[in-house]
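One structure below.
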C-alpha cells in the first residue's frame, strides 16, 4: 500500500515554479518600474512646467523693471523733474557760463584764451 | 448529455471566435487600415502647436537711451462656468480692472449655445480686459484665489467662484515709449498686432520683429500640457535692437526751443532738423504738430505726419545756395565778380529785389539775398546746366533716408519751364522740397561739396550685443567743387553778420554760416497770398569746421505784420538752438568777444586739442 501511495504521489516542479515566479516577479518589477518611471516623468514634467512659469514670471518682472527704469531715466522724465525742482540742481544762469578753450601744456598759463560768455553780454 | 455538452462547447467556441474575430477586425481597422486617420484625429484633439512669441527689439538713441521698448502685460479672461455669483465677482474685480461694475457683470453673464447639447450655458472664454499691467493681474489672481473655496478649509456653498481658474491670464506685450511725444514722428508706432506702421518702427520692421518659435505639445482631457510628450520645438529669435543717430540731448534742446517758438508764432506746422555734415547723420528731428506715442487714440492724421520728409514747401531764398554754388563750380564767376542787379527791378521778367542794388559781387548777392543777382547767375548757367545742378543737389528725388513716406519734391525738367522759370527757380520758387532735402543740400555745402545720404539708423545689434548691420556715411555724389563750396560758405558767414539778412541767427562765440528763406504761399486758386509765408533758416556752425547743420522752418507763422521773414522768425530760433547745442557738444568758440563788444576771430586750428 505504502509502496503504491509513494508511486502515485505527484512531484512538485519547483524549478518550473521558480522560473515562472522569477518571470512573474520580473514582469511585476518591470511593470511597476515602467509605471514609476512614467510617474517620475510626469512629475518632472510638472516641475519643468512650474519652473518655466517661474522663469517667465521673472523675465516679465525684469522687463517691467527695465521699462520702469527707462521711463524714469528718460530725457523727458529727467527734464520734467528738473523743471519741477525735484532734482535739486541749481539752474546755471547764462551770465555764469563761460566756455573757454583750455590749451594743453604748462605754457598755457597767462595766455589769452578764446572765451564765450553769451549771457554775460546781455 | 455528452452531445449537449459538446454542442454547448462548440457554440461557445464559435461565439468566442466570432466575437474575437470582430475584435480583431476592429483592431486591424483601427491600428492598420485607418491608423493615419485616427492618429490625425487624436492629434487634432490633443496636440497643439504652441507659438513662442519673439520679443520685438528696442529702439535706442546714439547713447543707448531706450526710446521704444516692450512692457509685459496680461489679457484677463474669465470662465463664467466656474463663477457661482457673477455680480459679487464683478464687484470684487471691477476696481482693479478699472471697468464699471455693470459692464463687467454684463460680460460675465454672457450665455452661449453649447455645440454638443444646443442648450444655453455660461461662456467659458470671456475677454475682460487687454493690456493689464502685471501688478494688477497679480492682484486679480489673488482676489480670485481668495474668492474660491479653500482646499483645506471648511466647504462653503456660498463661494463666489468654484475654482481660482475662473480667471485666466494670457501673456502679451505692449510697446512703450518712455519719452512720450519727443521724437514721435521719427520713432513711429506699432499697430494692435505689434507691427510697425510708421517711422523707424516701420522702416526697420524686418530687424525689430524677430521670428516666432513654436513647440508641439499634447494636452490631457482637462487641457493641461503633458510635458513629457513635447514634440518638435524651435526657440524664438528675438528682434534686433536698432540704434539711431539721434542724440536725445540735442533732440531735447530742439524740442524745447521749437515748443517755445510754436507757442509764440502759432504756425500751421514747424520743423527743425540737425544733421552732422561730415556723415549725414541726423542728430535731431522735430516737427509740430506732434502727439504722444503712448496715447495715440484720437490723434488726427495731420499730427502723425513727419513733415520733415512728407511735406513739400517752396524753399525760397535758401535755394540760392544751389545757384551760387553751381555758378562758382562751373567757374562762370568768382566770389568777387560784379553782377549788375538792375537797380532793384528787372523789367523783362518782372523780378524785384527788396532793396535796389546796382552792381554787387557774387558774394554780396548771397549776403543781401538779391533775387535779380541770383537769377542772372542761373541765366549764365542756362536751363539744362542749372537743372542738372539742382538735381545733383538732391532736389526732385527722395533722399533715401530710412524713414517711410518720404516724398521727392517737385522739380520740373527744363522742357516744362516757362520763359521766366530760369529766373524764379534759382530763388526757390516753382520748386518744392522737403525740409530734409534742404538741410541735406546745405550739408553738402558745409562739407565741401559731397552730397551724403541722410542717416537715421546708426547700427543694428542682436540680443547678444553683436552688430548685425552698420550704416556708415554714404556719399551719393559730388555736387560742386570744394573751392566753390568754400566760397559759398564764406558768403554765408557774411549772411549771418550785421550787414546780412540773418544777423539774428548769430551764435555768440562762433562763426555761423547760413541762409534765410521767405516764400509766399499760394491760395486755392493758385494766386500768391500776401499774408501766408513759409519762413526758414538753414545754417551751420562753427562755419569753418561745422559740427552740425540746422534747419528751422515755419509754415504760416503768425508774426507781426512786416516781420514774417526767415531772418526775424526762424533765425532767432536757430540762434538759441545753436547756442545750447554748441554748449552741449562742448564746441570750442571760434571768436573772442572783447569787453568793448568788438570781436576777434580765432583760427579754428589753434583751438583743437593738442
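Protein chains in written order, with the numbering used here: chain E, 1 to 122; chain L, 1001 to 1610.
Where a beta carbon is used, it is the ideal one built from N, C-alpha and C, also for glycine.
Are the C-beta of residue i and some C-beta of chain L separated by less than 8 Å?
i, result
"residue 29/E", "no"
"residue 60/E", "yes"
"residue 141/E", "For chain E, the structure presents residues 1 to 122; residue 141/E sits outside this window and is missing."
"residue 51/E", "no"
"residue 8/E", "no"
"residue 46/E", "yes"
"residue 121/E", "At residue 121/E the pLDDT is 46, less than 50, meaning the model places this residue with poor confidence and gives no usable figure here."
"residue 90/E", "no"
"residue 41/E", "yes"
"residue 35/E", "no"
"residue 16/E", "no"
What is the rounded straight-line gap between the Cα of residue i and the Cα of residue j?
i, j, result
"residue 1373/L", "residue 78/E", "50 Å"
"residue 1080/L", "residue 1037/L", "35 Å"
"residue 1266/L", "residue 1322/L", "30 Å"
"residue 73/E", "residue 1182/L", "14 Å"
"residue 1030/L", "residue 1213/L", "34 Å"
"residue 1200/L", "residue 1056/L", "13 Å"
"residue 1620/L", "residue 1139/L", "Outside the shown range of chain L (1001 to 1610) lies residue 1620/L, about which nothing can therefore be said."
"residue 1058/L", "residue 1455/L", "18 Å"
"residue 1144/L", "residue 1161/L", "7 Å"
"residue 1307/L", "residue 1271/L", "7 Å"
"residue 21/E", "residue 39/E", "26 Å"
"residue 32/E", "residue 45/E", "19 Å"
"residue 1414/L", "residue 1328/L", "21 Å"
"residue 1193/L", "residue 1561/L", "50 Å"
"residue 1088/L", "residue 1100/L", "13 Å"
"residue 1283/L", "residue 1207/L", "22 Å"
"residue 1243/L", "residue 1399/L", "20 Å"
"residue 1310/L", "residue 1287/L", "11 Å"
"residue 1175/L", "residue 1190/L", "7 Å"
Identify whether residue i lies in helix, strand or coil by the three-state DSSP scheme.
i, result
"residue 1040/L", "helix"
"residue 1237/L", "strand"
"residue 1515/L", "strand"
"residue 1165/L", "helix"
"residue 1506/L", "coil"
"residue 82/E", "helix"
"residue 1370/L", "coil"
"residue 1111/L", "strand"
"residue 1065/L", "coil"
"residue 1204/L", "coil"
"residue 1232/L", "coil"
"residue 1410/L", "strand"
"residue 1196/L", "strand"
"residue 1520/L", "strand"
"residue 1458/L", "strand"
"residue 1105/L", "helix"
"residue 1432/L", "strand"
"residue 1271/L", "strand"
For the alpha helix (DSSP H) holding residue i, just list the boundary residues, first then last.
i, result
"residue 1302/L", "1301–1304"
"residue 1384/L", "1383–1392"
"residue 1252/L", "1248–1265"
"residue 1422/L", "1421–1424"
"residue 1324/L", "1320–1329"
"residue 1437/L", "1435–1446"
"residue 1310/L", "1307–1310"
From which residue to which residue does the beta strand (DSSP E) around residue i run?
i, result
"residue 57/E", "Counting along the chain, residue 57/E falls outside any beta strand (DSSP E), though it belongs to the alpha helix (DSSP H) covering 14–72."
"residue 1131/L", "1126–1133"
"residue 1532/L", "1528–1541"
"residue 1469/L", "1467–1470"
"residue 1122/L", "1120–1122"
Determine the chain B residues that contact residue i at a beta-carbon separation under 9 Å, and present them in chain order.
i, result
"residue 67/E", "Annotation note: the requested chain B is absent from the structure, which comprises protein chains E and L."
Do we get a CB-CB distance below 8 Å when we pair residue i with the residues of chain E?
i, result
"residue 1248/L", "yes"
"residue 1191/L", "no"
"residue 1051/L", "no"
"residue 1228/L", "yes"
- Query: Is the segment 1329–1344 of chain L touching the segment 1430–1444 of chain L, taking contact as three or more C-beta pairs under 8 Å?
  - Reply: no
- Between the segment 1439–1447 of chain L and the segment 1275–1290 of chain L, do at least 3 Cβ pairs fall closer than 8 Å? yes
- Decide if the segment 1346–1356 of chain L is in contact with the segment 1414–1432 of chain L; the criterion is three or more beta carbon pairs, one per stretch, under 8 Å apart. yes
- Query: Quick one: any contact between the segment 1527–1539 of chain L and the segment 1474–1482 of chain L, if contact means 3 or more CB pairs under 8 Å?
  - Reply: no
- With contact counted as at least three CB pairs below 8 Å, one residue from each stretch, are the segment 1097–1109 of chain L and the segment 1071–1089 of chain L in contact? yes
- Query: Are the segment 1505–1525 of chain L and the segment 1537–1545 of chain L touching, with three or more C-beta to C-beta distances below 8 Å?
  - Reply: yes
- Taking one C-beta from the segment 1063–1073 of chain L and one from the segment 1244–1251 of chain L each time, how about it: are there three or more such pairs within less than 8 Å? yes
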